[in-house]
Amino acid sequence: MTIEEVLHESCVIADLQGEAKKDVLIELVSALKKANLIKNEQEVVNVIFEREKLGSTGIGDGVAIPHGKLKSIGKIICAFGRSIKGVDFDSIDQKPAHIFFLLLAPENSASLHLKMLSRISKLLRDPSFRKRLMELDNAHDIYRSVVEEDRRI
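Each residue of the sequence shown is one higher than the one before, counting from 7 in the working numbering.
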């Protein structure tokens, strides 16, 4: 499964406005709602916050991959957001997060969920790619860059 299969261009936010973890998560969930990929925003927000209670999904190097599982979806879906200013996301390196992949999976898809988390992590491991994502001008360019980079790995 590729990132292109789970990330719609309409779910890419080039300039997140949220200044706190909660605000960013709500913005990302709203993008999924606008794309008609989820029905109940509050349910998704609750699932993501429950996961965050287990430990921050801020993995360091300016990256966070909040994720969760839902009964109400039939396939893995994703939203991407970029914060120019950065957001305190309780990351393991104590630095602000700038790049966010919100990943949601059906409740019974543990294997696919873990594979997609691994794929996103691998994609964002490259410092030059993270730098490029921060320099791009708009959501379309970010989407294309993510899809192209994912094809390379």
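By construction, the Cβ of each residue, glycine as well, lies at the ideal position given by its N, Cα and C atoms. Here the structure is a predicted model, which means the values were calculated and not measured.
Residue i classed as buried or exposed, judged by whether at least 16 other C-beta atoms fall within 10 angstroms
| i | result |
| --- | --- |
| Leu-60 | exposed |
| Thr-63 | buried |
| Met-122 | buried |
| Glu-98 | In the sequence as displayed, the identity of residue 98 is Ile instead of Glu. Flag for Ile-98 reads exposed. |
N-terminal and C-terminal residue of the beta strand (DSSP E) that residue i is part of
| i | result |
| --- | --- |
| Lys-75 | 73–76 |
Three-way DSSP call (helix, strand, coil) for residue i in this model
| i | result |
| --- | --- |
| Leu-139 | helix |
| Lys-40 | helix |
| Glu-25 | coil |
| Ile-19 | strand |
Whole-number beta carbon distance between residue j and residue i, since they are thought to touch under 8 Å
| i | j | result |
| --- | --- | --- |
| Arg-136 | Asp-67 | 7 Å |
| Gly-74 | Ile-54 | 5 Å |
| Val-50 | Val-35 | 5 Å |
| Arg-158 | Ile-9 | With a Cβ gap of about 11 Å, Arg-158 and Ile-9 do not count as contacting. |
| Phe-86 | Ile-148 | 7 Å |
| Cys-84 | Leu-13 | 4 Å |
| Pro-72 | Arg-88 | Going by Cβ atoms, the distance from Pro-72 to Arg-88 rounds to 14 Å, so no, they are not a contact pair. |
N- and C-terminal bounds of the alpha helix (DSSP H) containing residue i
| i | result |
| --- | --- |
| Ser-97 | Taken as a continuous stretch (DSSP letters only), Ser-97 belongs to no alpha helix (DSSP H), as it is neither H nor E. |
| Ile-148 | 145–158 |
Exercise. Scan the stretch 99–133 and note each continuous beta strand (DSSP E) run of 3 residues or more that stays entirely inside, going in chain order.
Key: Listed in chain order, they are 103–112.
Quiz item: Which runs of the beta strand (DSSP E) fall wholly inside the stretch 53–94 and span at least 3 residues, in chain order?
Solution: Runs found: 64–66, 73–76, 83–93.
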